[in-house]
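*Asks:* 1 is the number of the first residue of the sequence shown in this note's numbering; add one for each residue after it.
Glycine is no exception: its CB is placed at the ideal position from the N, C-alpha and C atoms.
Owing to the predicted nature of the structure, the values given are computational and were not obtained by experimental measurement.
One structure follows; several queries about it will come next.
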Amino acid sequence: EWEVLPELFGQIASGAVVVDQIQVEVHNGQFGKIRRVFEQADAAKMRIMHKERNHWGCDGYKCLEYSFVSEDFLRRHHEWFLCGDHEFGEVSAGTKT
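Written as structure tokens, this is what we have:
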């Protein structure tokens with residue numbers, strides 16, 4: 001995960017890939033690798049919406065789960081919720097279906 005996540009976040013930041021949400025469990029990170037992941041997530045405008053440690057495995061503290069959500073998704077959903085006609089529907093690429 002420490003090599004793949006920065007690459008994924010780099011692709012999101014460049015616009016090559018669009019991701020609204022991602023959940024990942026990370027294991028035994030070293031400070032430099034952890035910092036790189038979070039710097040790349042920030043550059044991709046992916047924000048932490050949830051985090052928790054996995055207390056069942058990894059000695060109870062070496063595994064962490066993170067859920068990220070994109071700022072763009074948050075803005076689209078917020079706009080639809082506050083400014084839309086409030087009919088039930090899915091939010092997709094800024095439109096309701």
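(1) State whether the stretch 48–56 contacts the stretch 1–12, with contact taken as three or more CB pairs (one from each stretch) at a distance under 8 Å.
(2) Report the rounded CA-to-CA distance for S67 versus W80, giving the unit in angstroms.
(3) Go to Q23, then tell me how far its beta strand (DSSP E) extends in each direction, as first and last residue.
(4) Kindly identify the DSSP beta-bridge partner or partners of E71.
(5) Measuring alpha carbon to alpha carbon, tell me which of G60, G84, N28, V24 ends up nearest V69.
*Replies:* Looking at the coordinates:
(1) no
(2) In this model, S67 and W80 are separated by some 22 Å (Cα to Cα).
(3) 21–27
(4) When DSSP reads this structure, E71 sits in no beta bridge, so it has no partner.
(5) V24
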